[in-house]
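Each remark here refers to the structure printed beneath this line.
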Amino acid sequence: SQKIEQNSEALNIQEGKTATLTCNYTNYSPAYLQWYRQDPGRGPVFLLLIRENEKEKRKERLKVTFDTTLKQSLFHITASQPADSATYLCALDTTGANNLFFGTGTRLTVIP
Amino acid sequence: DAGVIQSPRHEVTEMGQEVTLRCKPISGHNSLFWYRQTMMRGLELLIYFNNNVPIDDSGMPEDRFSAKMPNASFSTLKIQPSEPRDSAVYFCASSPGQGVEQFFGPGTRLTVL
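The listed protein sequences correspond, in order, to chains A and B. In terms of our numbering, the first sequence opens at residue 1261 and continues consecutively. In terms of our numbering, the second sequence opens at residue 15 and continues consecutively.
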């Protein structure tokens, strides 16, 4: 069956360090992969999109990698801040037609 | 830009009652999505419209659920009759095209007693 796994339910790191979140998938051939941030009581907010022919994407302190051989995406937040504390969701689209399948998310806490 | 608008924000109802959730997508977006989020199952796509036409409703759990999009600026998700297991947060999202980001609304928290 199709499956998307995010490395852990919760991740705690010290302020200033780099947070690395993992998204693994099986039985998919995604056209692209997206990362979203969700704060409590709010809807997800789009962060980055990376296509199957791209290895890496950056946006300010955020970096996403996409390895279709390993079936894995890594999401990095450098120089983390307490304001980065949130749940981060990865989502795959296997058809390019906007049918997104979401992982269960990783709750990141950045400790001051 | 007001973003995606959903109403109501909270709904508490009794089992067996009809529930209607409403969504206004961002103007100019031609794709609209309904999702359901629970602790157990995470965020699940229920149905997806493109240019007001339902494209994929394979995520709709059963016949008690129905969705409509009568025009480009309005969509509804209806549950009839509602059951306690339908309790969840329901999100509406819109997108300007395929293969691009989705913009989510604030969600409707539904509690069925």
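Quick reminder that beta carbons are idealized off the backbone N, C-alpha and C, glycines included. Just so you know, these numbers come straight off a predicted model, no measurement behind them.
(1) Tell me the rounded alpha-carbon separation between THR125(B) and ASN1313(A).
(2) Do you know offhand how far THR1354(A)'s Cα is from THR1347(A)'s?
(3) Compare the Cα-Cα distances from PHE1361(A) to each of ILE1371(A), LEU1307(A), PRO1300(A) and GLN1294(A) and report the closest residue.
(4) Looking at C-alpha atoms only, which residue of SER1345(A), ILE1337(A), LYS1331(A) and ILE1371(A) is the closest neighbour of TYR1292(A)?
(5) Can you tell me which residues form a DSSP beta bridge with ASN1272(A)?
(6) At what residues does the beta strand (DSSP E) containing ILE102(B) begin and finish?
(7) If you measure between the beta carbons of GLU1269(A) and ASN1284(A), is that distance less than 8 Å?
(8) Along chain B, in chain order, which residues have C-beta atoms closer than 9 Å to that of GLY1365(A)?
(9) Just confirm the distance between the C-beta atoms of LYS92(B) and GLU32(B), as a whole number of angstroms; I'd bet it's less than 8 Å.
(10) For LYS1323(A) and GLU97(B), what's the separation of their Cα atoms in angstroms?
(11) Distance cutoff 8 Å, beta carbons only. Does PHE105(B) sit that close to anything in chain A?
(12) Which whole-angstrom value is the C-beta distance of GLU25(B) and THR90(B), which I expect to be below 8 Å?
(13) Between ALA1270(A) and chain B, is there a C-beta pair that is closer than 8 Å?
(14) Could you pull out every unbroken beta strand (DSSP E) segment of at least 3 residues lying fully inside the stretch 1269–1319 of chain A, listed in chain order?
(15) By the DSSP assignment, the beta strand (DSSP E) with SER9(B) in it spans what residues?
(16) Would you check if the stretch 70–79 of chain B and the stretch 111–118 of chain B touch, i.e. whether three or more CB-CB distances between them fall below 8 Å?
(17) Going straight from the alpha carbon of LEU1334(A) to that of ILE1273(A), what length do you get?
(18) Report yes if the C-beta distance between SER45(B) and SER108(B) is below 8 Å; otherwise report no.
(19) Measure the beta-carbon distance from ASP1297(A) to VAL1305(A) and round it to whole angstroms, keeping in mind my assumption that it falls under 8 Å.
(20) Using the beta-carbon count (16 or more within 10 Å), is ALA1358(A) buried or exposed?
Reading off the structure:
(1) On the second sequence, residue 125(B) is found 111 positions in, with the first residue counted as 1. On the first sequence, residue 1313(A) is found 53 positions in, with the first residue counted as 1. Near 43 Å, if we compare the C-alpha coordinates of ASN1313(A) and THR125(B).
(2) As a working note, residue 1354(A) is residue 94 in the first sequence. As a working note, residue 1347(A) is residue 87 in the first sequence. In a straight line, the C-alpha of THR1354(A) is about 23 Å away from that of THR1347(A).
(3) Translated into positions along the first sequence, residue 1361(A) becomes position 101. Answer by Cα proximity: GLN1294(A).
(4) Locating residue 1292(A) in the first sequence gives position 32, where the first residue counts as 1. The candidate whose alpha carbon is nearest that of TYR1292(A) is LYS1331(A).
(5) Reading the first sequence from its first residue, position 12 is the one you call residue 1272(A). THR1369(A).
(6) If you number the second sequence from 1, residue 102(B) lands on position 88. In the sequence under discussion, the amino acid at residue 102(B) is Ala, which differs from the Ile named in the question. Segment 102–109, the beta strand (DSSP E) holding ALA102(B).
(7) Counting from one through the first sequence, the residue named residue 1269(A) turns up at place 9. Counting from one through the first sequence, the residue named residue 1284(A) turns up at place 24. The answer is no: Cβ separation not under 8 Å.
(8) By one-based count along the first sequence, residue 1365(A) stands at place 105. The answer, in chain order, is GLY56 and LEU57.
(9) Reading the second sequence from its first residue, position 78 is the one you call residue 92(B). Reading the second sequence from its first residue, position 18 is the one you call residue 32(B). Right, their Cβ atoms sit about 7 Å apart.
(10) One-based indexing of the first sequence puts residue 1323(A) at position 63. One-based indexing of the second sequence puts residue 97(B) at position 83. The alpha-carbon atoms of LYS1323(A) and GLU97(B) are separated by roughly 42 Å.
(11) Residue 105(B) sits at position 91 when you count from the first residue of the second sequence. Taking Cβ atoms only, chain A reaches closer than 8 Å to PHE105(B), which makes this a yes.
(12) Counting from one through the second sequence, the residue named residue 25(B) turns up at place 11. Counting from one through the second sequence, the residue named residue 90(B) turns up at place 76. Contact doesn't hold; Cβ gap of about 13 Å is too wide.
(13) If you number the first sequence from 1, residue 1270(A) lands on position 10. Interface with chain B (8 Å Cβ-Cβ cutoff): ALA1270(A) is excluded.
(14) 1270–1274, 1279–1286, 1292–1298, 1305–1311 and 1316–1319
(15) Residue numbering for chain B in the displayed model covers 15 to 127; residue 9(B) lies beyond these limits and cannot be assessed.
(16) Too few Cβ pairs lie closer than 8 Å, so no.
(17) Locating residue 1334(A) in the first sequence gives position 74, counting from the first residue. Locating residue 1273(A) in the first sequence gives position 13, counting from the first residue. Rounded to the nearest angstrom, the two C-alpha atoms are 16 Å apart.
(18) Translated into positions along the second sequence, residue 45(B) becomes position 31. Translated into positions along the second sequence, residue 108(B) becomes position 94. Yes; because the gap between Cβ atoms is below 8 Å, this pair is in contact.
(19) In the first sequence, residue 1297(A) corresponds to position 37, counting from 1. In the first sequence, residue 1305(A) corresponds to position 45, counting from 1. Checking the sequence shown, residue 1297(A) turns out to be Arg, not Asp. Right, their Cβ atoms sit about 5 Å apart.
(20) Walking along the first sequence from the start, residue 1358(A) turns up at place 98. Before going further, note that residue 1358(A) is Asn rather than Ala in the sequence given. ASN1358(A) comes out buried.
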